[in-house]
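Student: Just remember that the numbering used here sits 3 ahead of the position in the sequence shown, which is counted from 1. Backbone N, C-alpha and C fix where the C-beta goes; we use that ideal spot for every residue, glycine too. Being a predicted model, the structure only gives us computed values, none of them experimental.
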Amino acid sequence: MDPLNILIATPEAVPYAKTGGLADVAGAVPEAIASRGHTVKLILPLYSHIDRDKHKLQIIASGLKARIAGREEVFQVQKCEADGSEIWFIEHDGFFNRPELYRDPSTGEDWADNDERFGFFARAVLETCRHLRFIPDIIHCNDWQTGLIPALLKVDDGYNDFSKTATLFSIHNIAYQGSFPSESFDKLELDRSLFAPGGGFEFWNKVSYLKAGIWYSDLLNTVSETYAGEIKSSNEFGYGFEGVLADRSDDLFGILNGIDYNVWNPATDELIPARFTPEKLAGKKRCKNELRRQAKLPLVRRDVPVIGIISRLADQKGFDLIAEVADDLLSLDLQIVLLGTGDQKYHDLFAALHEKYPKKIAAFLEFNNQLAHLIEAGSDMFLMPSRYEPCGLNQMYSLKYGTVPIVRKTGGLADTIENANPVKGTGNGFVFTNYDSREMLNVVKFALEVYRDKNVWEIMMLRGMRQDFSWDASAGKYVELYRKALEKKRVSIEV
Ligand code: ADP
4 MDPLNILIAT PEAVPYAKTG GLADVAGAVP EAIASRGHTV KLILPLYSHI DRDKHKLQII
64 ASGLKARIAG REEVFQVQKC EADGSEIWFI EHDGFFNRPE LYRDPSTGED WADNDERFGF
124 FARAVLETCR HLRFIPDIIH CNDWQTGLIP ALLKVDDGYN DFSKTATLFS IHNIAYQGSF
184 PSESFDKLEL DRSLFAPGGG FEFWNKVSYL KAGIWYSDLL NTVSETYAGE IKSSNEFGYG
244 FEGVLADRSD DLFGILNGID YNVWNPATDE LIPARFTPEK LAGKKRCKNE LRRQAKLPLV
304 RRDVPVIGII SRLADQKGFD LIAEVADDLL SLDLQIVLLG TGDQKYHDLF AALHEKYPKK
364 IAAFLEFNNQ LAHLIEAGSD MFLMPSRYEP CGLNQMYSLK YGTVPIVRKT GGLADTIENA
424 NPVKGTGNGF VFTNYDSREM LNVVKFALEV YRDKNVWEIM MLRGMRQDFS WDASAGKYVE
484 LYRKALEKKR VSIEV
């Protein structure tokens, strides 16, 4: 079959800019797809913290213009190459030269002009393609920040040269909706009649860039099959979009994220103090010692199980469950190392727990990639009690590092972690079903019990370490979806 020309538009990608799992995915997909013979370009904003020298960025276009809010904004495009694909960066200092991607750290609120920043980005992406004479077969958009791109292609006559381009819109987290006051619609300079209730932009009297992406893209996917089912069937998971998604049910697919074993692999990881494999586990002990040392947890008893947590500190991640049973949890024979940033209330919670139980819990309230690797390598278990989890990456990293996941059965966690049954010798983790702190506590107790039998534990660790969640299978599924979207587009043009 013919190779495809694919543009992947994203607000973040590893190793350039990251706030969460979307960045890992956007960083890994281009290589996985390019290695199948397709031409892939990745496009994202050039945030100020991206190191232009280190990534050898080169200006490839300047003096380009994109309209937003009645203004013509001038921008330039820089490029670098990585693993068989080109990375394009939209450079506009006014919009992207800021200390954080989406939020003003001085107020803790979203940047007040996020509507303009990502409204501009959508048009700038299309102008860049045009200028560089790369009219893709597929534009693969990711999350609300890119939601206007499929919409512009469908409703703005100015983009007729993209008439054969199909769009796939990937939802990495439906709770982030890019909703702005109704006046923001005028800044997009589209026909006002499009902002009608029940239309493609309006969501509870606001403009939602997420809705535009869902409504106007040719096909949709989210990052696990279970989450695809969850978000279209209940408000609890759909956050108001369940109806819109149910209407597009036939076009909505679930593709589990892969993980990048070039980055997350204890056999080769340069960020950890010792490497290890299923055949040679000794290095894991050294990592555990180093983790406990850095976390300033007592080292006297060597076999105390260490539970790691690495997460955005957001309601989604289940920290209210931990808060509810914190005293019981921390009276168990365990040590906890937490790494995370986010909502102040959770910073306060974990700082207070550390103060109360300094020998049981360490809290690193920061973003620290190297420490994330050490926690994966040095912990015995990894806790993810999420309220919802579109895919989740850390449970898959944990498996590879022999760190047994303890998860709630939701979204991608349900699709990747099977509850342990030591008698039958099955399972790769510990799973609880209801969003209930006592259930979580009980499953942690069960994990600690299993941990005491070193043979059973090692067999379980090894089972997880030998599983394969690489991008290979998922990349093939994305290419299938690209072709399906193109076919749908072709048929729609002919009708
Ligand atoms: P989400 O996208 O909802 O944040 P995922 O599990 O899909 O959750 O991905 C989270 C990614 O971000 C993982 O790679 C994780 O290691 C990383 N991460 C989250 N918080 C931190 C932190 N404080 N420091 C370093 N890495 C972090």
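Please report how far the alpha carbon of Lys-288 lies from the alpha carbon of Ala-366, in whole angstroms.
Tutor: Computed Cα separation, rounded: 21 angstroms.
Student: So within the stretch 152-232, which uninterrupted alpha helix (DSSP H) runs reach at least 4 residues, ignoring any that extend past its ends?
Tutor: Correct list: 187-190, 212-219.
Student: I need the boundaries of the alpha helix (DSSP H) containing Ser-477, first residue and last residue.
Tutor: Its alpha helix (DSSP H) spans residues 474-497.
Student: Given Ile-234, which residues of its chain have a CB within under 6 angstroms of its CB, disregarding the five upstream and five downstream residues?
Tutor: Hits under 6 angstroms: Ile-177, Phe-240, Gly-241, Leu-248.
Student: For the beta strand (DSSP E) holding Met-4, just list the boundary residues, first then last.
Tutor: It is not in any beta strand (DSSP E) - Met-4 carries neither H nor E in the DSSP assignment.
Student: Here's a check: name, in chain order, each residue in its chain whose Cβ is nearer than 6 angstroms to the Cβ of Leu-191, leaving out the five neighbours to either side.
Tutor: Excluding positions up to five away in sequence, the list reads Gly-122.
Student: Count the CB pairs spanning the stretch 301-315 and the stretch 335-354 that are closer than 8 angstroms, and state whether there are at least three.
Tutor: Touching, yes.
Student: Taking 7 angstroms as the cut-off, is the CB of Thr-149 close to at least one heavy atom of the ligand ADP?
Tutor: No, the beta carbon of Thr-149 sits no closer than 7 angstroms to any heavy atom of the ligand ADP.
Student: Less than 8 angstroms separating the beta-carbons of Leu-155 and Ala-125?
Tutor: Cβ distance < 8 angstroms, so Leu-155 and Ala-125 count as in contact.
Student: Any idea if Ala-380 is buried or exposed, counting beta-carbon neighbours within 10 angstroms, 16 or more meaning buried?
Tutor: Ala-380 comes out buried.
Student: Just to check my reading of the structure: Trp-114 and Leu-45 have Cβ atoms closer than 8 angstroms, yes? What is that Cβ distance to the nearest angstrom?
Tutor: Their Cβ separation, rounded to whole angstroms, is 23 angstroms, which puts Trp-114 and Leu-45 out of contact at 8 angstroms.
Student: Just to confirm, is the Cβ distance from Ile-521 to Cys-144 under 8 angstroms?
Tutor: Because residue 521 is not part of the residues shown, which for the chain are 4 to 498, the question remains open.
Student: So which of Glu-442, Arg-441, Asp-439, Val-446 has the shortest CA-CA distance to Phe-433?
Tutor: The candidate whose alpha carbon is nearest that of Phe-433 is Val-446.
Student: The beta strand (DSSP E) that contains Asn-145, what's its start and end?
Tutor: Note, Asn-145: beta strand (DSSP E), 141-145.
Student: On the premise that Phe-472 lies in contact with Gly-261, defined as a C-beta separation below 8 angstroms, what is that separation, rounded to the nearest angstrom?
Tutor: Contact flag correct, Cβ pair sits at about 6 angstroms.
Student: Using the Cα positions of Gly-268 and Ile-36, report the straight-line distance between them to the nearest angstrom.
Tutor: According to the sequence shown, residue 268 is Asn rather than Gly. Going by the C-alpha atoms only, they are around 21 angstroms apart.
Student: Reducing DSSP to helix, strand and coil, say where Asp-418 ends up.
Tutor: Three-state DSSP puts Asp-418 in a helix.
Student: Is Leu-45 helix, strand or coil by DSSP?
Tutor: In the structure shown, Leu-45 sits in a strand (DSSP, three-state: E or B).
Student: Is Leu-396 close to the ligand ADP? I mean its beta-carbon at under 7 angstroms from any heavy atom of the ligand.
Tutor: The answer is yes for Leu-396.
Student: What's the C-alpha gap between Glu-421 and Glu-34?
Tutor: Glu-421 and Glu-34: Cα-Cα distance of roughly 29 angstroms.
Student: Identify which residue in Gln-81, Asn-117, Asp-140, Phe-78 has its Cα closest to the Cα of Arg-486.
Tutor: Comparing Cα-Cα distances from Arg-486 to each of Gln-81, Asn-117, Asp-140, Phe-78, the minimum goes to Asp-140.
Student: Can you name the start and end residues of the alpha helix (DSSP H) that Thr-131 belongs to?
Tutor: First-last of the alpha helix (DSSP H) with Thr-131: 117-134.
Student: Threshold first: 3 residues or longer. Then list the beta strand (DSSP E) segments lying entirely within the stretch 327-376, N to C.
Tutor: Listed in chain order, the complete beta strand (DSSP E) runs (minimum 3 residues) inside the stretch 327-376 are 338-345, 364-367.
Student: Using DSSP bridges, identify the partner residues of Ile-71.
Tutor: DSSP, once it has assigned bridges, lists Arg-74 as partnering Ile-71.
Student: Under a Cβ-count criterion, where at least 16 other Cβ atoms within 10 Å of its own Cβ denotes burial, should Gln-148 be classed as buried or exposed?
Tutor: Buried.
Student: Considering only residues of the same chain and omitting the five flanking positions on each side of Ala-215, which have a CB-CB separation below 6 angstroms?
Tutor: Cβ neighbours of Ala-215 beyond the five flanking positions: Gly-150, Leu-151, Ala-154, Gly-203, Phe-204.
Student: Going straight from the alpha carbon of Arg-74 to that of Thr-110, what length do you get?
Tutor: When rounded, the distance between both Cα atoms is 27 angstroms.
Student: Count the C-beta pairs between the stretch 352-367 and the stretch 292-312 that are closer than 8 angstroms, then say yes if the count reaches three, no if not.
Tutor: Result yes; three or more Cβ-Cβ pairs closer than 8 angstroms.
Student: Out of Thr-22, Thr-344, Asp-254, Asp-475, which has the shortest C-alpha to C-alpha gap to Asn-265?
Tutor: Answer by Cα proximity: Asp-475.
Student: Give me, in chain order, the residues of the same chain whose beta-carbon lies closer than 7 angstroms to that of Phe-188; leave out the 5 immediate sequence neighbours on both sides.
Tutor: For Phe-188, where only same-chain residues beyond five positions count, the Cβ hits under 7 angstroms are Phe-198, Phe-204, Val-210.
Student: Near Ala-277, which residues of its chain fall below 7 angstroms by C-beta distance, leaving aside the five closest residues on each side in sequence?
Tutor: Excluding sequence neighbours, Ala-277 sits near Gly-286, Arg-289, Cys-290.
Student: Taking only the alpha-carbon atoms, compute the straight-line gap between Ser-51 and Asn-100 and give it to the nearest angstrom.
Tutor: C-alpha separation (whole angstroms): 5 angstroms.
Student: Leaving out five residues before and five after Leu-465 in sequence, what residues of the same chain have Cβ atoms less than 8 angstroms from its Cβ?
Tutor: Excluding positions up to five away in sequence, the list reads Pro-281, Gly-405.
Student: Quick one: what does DSSP say Cys-83 is sitting in, helix, strand or coil?
Tutor: The answer is strand: DSSP assigns Cys-83 an E or B state.
Student: Please find out if some non-hydrogen atom of the ligand ADP comes closer than 7 angstroms to the beta-carbon of Ile-313.
Tutor: Flag set: Cβ of Ile-313 near the ligand ADP.
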